[in-house]
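Read through the structure below, which is laid out as C-alpha cells, and then see the notes.
In the numbering used here, the protein residues as written are 1 to 292.
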C-alpha cells in the first residue's frame, strides 16, 4: 500500500453537528441552524448551515479530516508539521477552544481520526516508511485525551470507523495490497473482508443505525460512492459520473449521504438519499461530513 488515499490536490472533511454562528464581535454562539463543519482551502475550518448559505470560520484553527465526537461537543482533526513531514491528531471544542495536540511522532503521518461510540477513545491511521524504506500503514487506538496509545497490530490499513456495537470497519491491506473494506473486533480479532476485487476501496463510514456502510470505490473506473449492508451484502453503486466522488458521510438519521464531487471548479459537496435519489449540490468548492 503506497498511500492511504489516491492523489488529489486537497482533501477536506465535513461533518454535521449542532453548531455556531458569528456575532458582531466575531465570537461563536450556539445556533442549531449551523449543522455542517467544513475544512476548506488552506484547511480553514468553517461551520455552515445545511444549504451552505450561512457560514462562520472557527478562528485560529486549521486542519482536515474532521471527526465529531458522539455528543457533538468536540472535533478531532489532522494538522501537519515539519514542512508537512509530520501529521498529528488534535482535538478541540466545537467553538475552537481547548485545542490539544494528541500525537507527536516525528515523520509519521497520523490522520483520519474516528471516535468510539462512547466518545472515550479515538482510532486513527498511521503511515510511514520503516528503516528499510518499506511503507507501513497501521491502525492505532488511544484515549480521547491522547493517553494509552496502542497499535492494533493485526490490522494493516487505514480509514478506521467504529460501528455502533464497537467493532471497527477499515480500509485494509489484503492479498496484493489493494485496499478492500474489512471489519474486525476492537482488539483486531475476527477480521472479515467485506469486499474482494481488483479495485481500490476507501473511506468506509458506518451508518448511525449500524445497518449499512458507505464507501468509495473505483471498481467501475473512477471513484464513485457505494453502499452495502454491514455484512458486505447488497453492494450498490449510488453515483455515476466521469469524475471522482469521494468521502461519503451519513446524516444522523441514516437516511442521507453527503459526499465530495471533484468538479472543474474544485471539490463541491452533494447530498443524496441513501438509495442515490434526490441528488443536490449543497456547497461549492469544499468537502465535508455529517455528524453521527
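Ideal Cβ positions, reconstructed from N, Cα and C, are used throughout, including at glycine. A quick note: this is a predicted structure, and the numbers were derived from the prediction, not measured.
{"Query": "Contact set for residue 126: own chain, Cβ-Cβ below 6 Å, skip 5 residues either direction", "Result": "108, 110, 138 and 140"}
{"Query": "Identity of the residue in 209, 36, 162 and 191 nearest residue 112 by Cα", "Result": "162"}
{"Query": "Cβ-based burial, residue 79 [other Cβ within 10 Å; buried from 16]", "Result": "buried"}
{"Query": "Spatial neighbours of residue 186 in its chain, beta-carbon cut-off 7 Å, leaving aside the 5 residues before and after", "Result": "166, 167 and 168"}
{"Query": "For residue 90: DSSP bridge partner residues", "Result": "77 and 101"}
{"Query": "Which of helix, strand or coil DSSP assigns to residue 199", "Result": "coil"}
{"Query": "Residue closest to residue 199, alpha-carbon to alpha-carbon, out of 257, 234 and 171", "Result": "171"}
{"Query": "Residues of its chain near residue 254, where Cβ-Cβ distance is below 8 Å and the 5 sequence neighbours each way are ignored", "Result": "207, 208, 209, 211, 212 and 274"}
{"Query": "Host beta strand (DSSP E) of residue 260 (start-end)", "Result": "256–263"}
{"Query": "Contact under 9 Å by Cβ, residue 124 with residue 89", "Result": "yes"}
{"Query": "Local Cβ density within 10 Å of residue 121, reported as buried at 16 or more and exposed below that", "Result": "buried"}
{"Query": "For residue 203, the nearest candidate out of 179, 96, 197 and 221 (CA to CA)", "Result": "179"}
{"Query": "Residue 278 classed as buried or exposed, judged by whether at least 16 other C-beta atoms fall within 10 angstroms", "Result": "exposed"}
{"Query": "Counted within 10 angstroms of its Cβ, other Cβ atoms place residue 223 as buried (16 or more) or exposed", "Result": "buried"}
{"Query": "Residue span of the beta strand (DSSP E) that contains residue 226, given as start and end", "Result": "224–229"}
{"Query": "Residue 282 to residue 272 span [Cα, whole Å]", "Result": "10 Å"}
{"Query": "Residue 70 versus residue 242 - alpha carbon distance", "Result": "35 Å"}
{"Query": "Cα-Cα separation between residue 86 and residue 62, rounded to whole angstroms", "Result": "15 Å"}
{"Query": "Opposing strand residues paired with residue 48 [DSSP bridges]", "Result": "36 and 55"}
{"Query": "Of the residues 262, 94, 73 and 147, the one placed nearest residue 59, counting alpha carbons only", "Result": "94"}
{"Query": "Beta-bridge partners of residue 125, as assigned by DSSP", "Result": "111 and 139"}
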